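Colleague:
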Amino acid sequence: MNDFMYYNPVRVHFGADAMSHLPEELGKFGANVLLTYGGGSIKRTGLYDRVLDVLRAAGKSVYELSGIMPNPRTEKVYEGIELCRKHKIDLILAVGGGSTIDCSKAIAVGAPAEGDFWEKFYVNWESAETGIPLGVILTIPATGSELDKSAVITNFATGEKNCYDSEYEFPRFAILDPTLTYSLPKNQMVNGIVDTMSHLMELYISPPDDDFLTDNLAEAAMRTEIAAARRAIVEPTDYEARANLMWTSSFALCGMLNNGKKTDWESHCIEHPLSALFDVAHGAGLAVVHPAYLEYICESAAPRLARFARNVWGIDPAGKSESEQAKEGIAALKKFFHEDLGALATLRALGVPESCFARVAELTDLSCYSYRQLTADDVIEILRRCY
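Here the working numbering is used: the first residue of the sequence shown is 4, the next is one more, and so on.
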């Protein structure tokens with residue numbers, strides 16, 4: 004096990020009555036609140052009115068930033084920064100999934116900072132010196148952003164999709180009510196499940212191979228996600244299934260599963276340009292890219308992938324080499340993504356043209372590997388294999 008430092012300050016309220024804790028959380032901050040959200044779903048479900056009622060009862064002045072899109076873009080961050088500065092915002096309250104939360108995190112560190120937030124934090128990687136407090140009401144379990152200090156933002160003009168980490172991007176609190184996910188469209192639920200599984204695999208399929216506590220936790224989380232997903236697909240209002248999906252998503256990126264590991268984020272690094280260039284849903288892109296990436300590095304990571312096959316998918320190792328076990332595990336993953344969940348299986352089906360592969364490879368960060376260092380040519384070959 005490698006040395007590590009672990010820190011996570013997020014206060015979590017979890018359960019069907021988690022929203023009842025919102026007033027006490029609001030009481031810890033000033034009067035001016037920026038409410039951030041995406042499309043109209045929180046209005047259709049009545050959540051918007053519920054949140055506004057609580058904010059008004061708490062005596063807050065509420066300003067809104069709506070229309071935050073999937074793969075949140077710099078334009079919305081700039082808009083939110085302007086609102087924060089104009090109205091002297093004391094708290095940003097993000098209601099939604101990872102896109103809304105990530106956009107809100109970028110606003111939180113960008114508003115108090117001098118200069119352009121993209122150049123300062125997402126290009127030059129300067130350290131944020133402060134941030135506006137952020138609270139979260141989660142509606143889409145997927146990214147785990149409610150419990151981490153990262154925010155991924157897309158610069159559509161340049162085709163870049165970059166991540167920035169800062170302790171000032173940790174939310175102060177997170178409201179996690181599984182019943183808020185009952186109304187999710189199936190494709191959003193599926194994309195969230197894929198994203199969660201991808202996070203868990205990227206943390207787990209990484210050295211050292213003898214990090215037993217962290218590995219055992221990751222295996223349990225993956226088995227939980229798989230079982231809960233199969234139940235929720237059949238019965239979307241199964242509370243226990245939804246609760247396990249929500250908490251596993253949050254647990255995946257709370258930092259516990261990073262401890263002592265040299266994590267491998269190369270699948271995310273390959274997928275990010277696809278989302279940036281073609282606005283592909285992140286989970287949909289990962290459902291195609293991640294299995295293809297694992298197939299490509301299979302021989303380099305055979306012992307780890309063999310353990311993945313045995314302990315996550317229940318593959319019988321009798322009479323099989325580690326390479327054979329590993330391949331069966333990847334096949335089980337593909338079946339889960341593409342048959343059990345119904346996620347699309349090829350880049351062609353996602354509308355990604357083959358002509359873009361060189362550009363995607365150019366934009367891919369090649370430093371996030373664990374078992375095998377990729378080249379741009381490797382990335383192009385992986386993309387070809389899943390086309």
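Positions of the beta carbon are idealized from the N, C-alpha and C atoms, including for glycine. Given the structure is predicted, the values throughout are model-derived calculations rather than measurements.
Quick check on DSSP: helix, strand or coil for residue 349?
Modeller: Position 346 of the sequence shown holds residue 349. DSSP places residue 349 in coil when its eight states are reduced to three.
Colleague: Determine the DSSP secondary structure at residue 9, reduced to helix, strand or coil.
Modeller: Within the sequence shown, residue 9 is the residue found at index 6, counting from 1. Correct three-state label for residue 9: coil.
Colleague: In or out: residue 237 buried (at least 16 other Cβ within 10 Å) or exposed?
Modeller: Position 234 of the sequence shown, counted from the first residue, corresponds to residue 237. Counting Cβ neighbours within 10 Å, residue 237 comes out exposed, since fewer than 16 surround it.
Colleague: Hey, how far is the Cα of residue 295 from the Cα of residue 101?
Modeller: Stepping through the sequence shown from its first residue, residue 295 is reached at position 292. Stepping through the sequence shown from its first residue, residue 101 is reached at position 98. Residue 295 and residue 101: Cα-Cα distance of roughly 24 angstroms.
Colleague: Can you check which of these residues, 256, 305, 348, is closest to residue 289 by C-alpha distance?
Modeller: Walking along the sequence shown from the start, residue 289 turns up at place 286. Ranking the options by Cα distance to residue 289, first place goes to 348.
Colleague: Could you give the distance in angstroms between the alpha-carbon of residue 196 and the alpha-carbon of residue 145?
Modeller: Residue mapping note: residue 196 aligns to position 193 of the sequence shown, counting from 1. Residue mapping note: residue 145 aligns to position 142 of the sequence shown, counting from 1. Using only the alpha carbons, I get a separation of about 6 angstroms.
Colleague: Using only the alpha-carbon positions, how far apart do residue 90 and residue 104 sit?
Modeller: As a working mapping, residue 90 is identified with position 87 in the sequence shown. As a working mapping, residue 104 is identified with position 101 in the sequence shown. Approximately 20 angstroms between the Cα atoms of the pair.
Colleague: Determine the burial state of residue 167: buried for a count of at least 16 other Cβ atoms within 10 Å of its Cβ, exposed for fewer.
Modeller: In the sequence shown, counting from the first residue as 1, residue 167 sits at position 164. Classification of residue 167: buried, given that the 10 Å Cβ count is 16 or more.
Colleague: What number of angstroms, rounded off, separates the C-alpha of residue 385 from the C-alpha of residue 333?
Modeller: If you number the sequence shown from 1, residue 385 lands on position 382. If you number the sequence shown from 1, residue 333 lands on position 330. Rounded to whole angstroms, residue 385 to residue 333 spans 15 angstroms at the Cα level.
Colleague: Counting pairs of beta carbons, one from the stretch 147-163 and one from the stretch 250-265, are three or more of them closer than 8 angstroms?
Modeller: yes
Colleague: Pick out the complete beta strand (DSSP E) segments inside the stretch 293-332, 3 residues or longer, and give them in chain order.
Modeller: none
Colleague: For residue 74, name the three-state secondary structure that DSSP assigns.
Modeller: Mapped onto the sequence shown, residue 74 falls at position 71. Reduced to three states, the DSSP call for residue 74 is coil.
Colleague: Would residue 268 be called buried (16 or more neighbouring beta carbons within 10 Å of its own) or exposed?
Modeller: One-based indexing of the sequence shown puts residue 268 at position 265. Flag for residue 268 reads buried.
Colleague: Nearest by alpha-carbon distance to residue 202: which of 189, 286, 370 is it?
Modeller: Here residue 202 refers to the residue found at position 199 of the sequence shown. Answer by Cα proximity: 286.
Colleague: If you check the beta carbons only, do residue 407 and residue 212 fall under 9 angstroms apart?
Modeller: Here the chain comprises residues numbered 4 to 390, so residue 407 is not present and cannot be evaluated.
Colleague: Work out the CA separation of residue 87 and residue 175 for me, nearest whole Å.
Modeller: One-based indexing of the sequence shown puts residue 175 at position 172. One-based indexing of the sequence shown puts residue 87 at position 84. Taking the straight line joining both Cα atoms gives about 17 angstroms.
Colleague: Tell me the DSSP secondary structure of residue 338 in three-state form.
Modeller: In the sequence shown, residue 338 corresponds to position 335, counting from 1. Three-state DSSP puts residue 338 in a helix.
Colleague: Under three-state DSSP, which class holds residue 66?
Modeller: In the sequence shown, the residue the question calls residue 66 occupies position 63. Residue 66: strand per DSSP, three-state reduction.
Colleague: Suppose you measure from the CA of residue 96 to the CA of residue 46; what does that come to, to the nearest Å?
Modeller: Position 93 of the sequence shown holds residue 96. Position 43 of the sequence shown holds residue 46. So the two alpha carbons sit approximately 16 angstroms from each other.
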